[in-house]
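What follows is a single structure, written as structure tokens, with notes after it.
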Amino acid sequence: MLRPAWYLSDTEWFSLLDDAPQLDDDRQAIIDDLSRVLPNGATSPALTVAATFLLVTSADYLGDTMSWAAKSIDLAELPRLLCGLNLAQAHLTQMIQRMAAHTAARAFRGSAEVPADVLRAITDSLSVAGANSELVAAHLKEANLRLHGVTQ
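Numbering of the sequence shown is given in my numbering, commencing with residue 1253 and proceeding in unit increments.
Take a look at the structure:
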């Protein structure tokens, strides 16, 4: 679950969906199925792989859209996109920070056998990544706030 943080946009992303373009019924059914496949609280290696696959596939799609189909995106759509990216980045940020804490605490199965200096280096890398990730989320928030002044 996402914790409130200074780098989060004040806009509630899900409230922006009412005015968003909608998928056809078949594609919406797939989204609904995914919501059931990845339920809150359930975990397994297979679900983790599936969720990571969806995350990477979605990021790849958005990256291609921004690279090759930018002219198909209206400037008025960017606030929704930036707000969503801010929300996604905030989730990634907090996930990285939890991974750092769990690594430091040797909470992961098998981590008891890893030398302390190796775990410390991993924890340090994750901690720096988490701190830098906060900055990315903050810059997305700032861009979104500035864009609201242009599009409204």
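We put the beta carbon where it would ideally sit given N, CA and C, even for glycine. Keep in mind it's a predicted model, so treat the numbers as computed, not measured.
**Report entry** Reduced DSSP secondary structure (H/G/I, E/B, other) of Tyr1313
**Finding:** helix
Query raised in the report: Nearest CA to the CA of Cys1216: which residue from Ala1359, Glu1365, Val1388, Ala1368?
Result: Only positions 1253 to 1404 of the chain appear in this structure, which leaves residue 1216 out of reach.
Query raised in the report: Is it the case that the Cβ atoms of Leu1378 and Ala1352 are separated by a distance below 8 Å?
Result: yes
Query raised in the report: Among residues of its own chain, excluding the 5 on either side of Thr1263, which ones have a beta-carbon nearer than 6 Å to its beta-carbon?
Result: Cys1335
Report task. Mind the definition here: the region 1361 to 1371 touches the region 1301 to 1319 only if three or more C-beta pairs lie below 8 Å; say whether that holds. Result -> no
**Report entry** Three-state secondary structure (DSSP) of Leu1290
**Finding:** coil
Query - Distance, Ala1321 Cα to Met1253 Cα - result: 33 Å
Query raised in the report: By the 10 Å Cβ neighbour count, where 16 or more other Cβ atoms means buried, how is Pro1331 classified, buried or exposed?
Result: buried
Query raised in the report: In three-state terms, what does DSSP make of Ser1267?
Result: helix
Query - Reference Pro1273, options Leu1333, Arg1361, Ala1257, Leu1339, closest by Cα - result: Leu1333
Query raised in the report: Where does Glu1386 land, buried or exposed, given buried means 16+ other C-beta within 10 angstroms?
Result: buried
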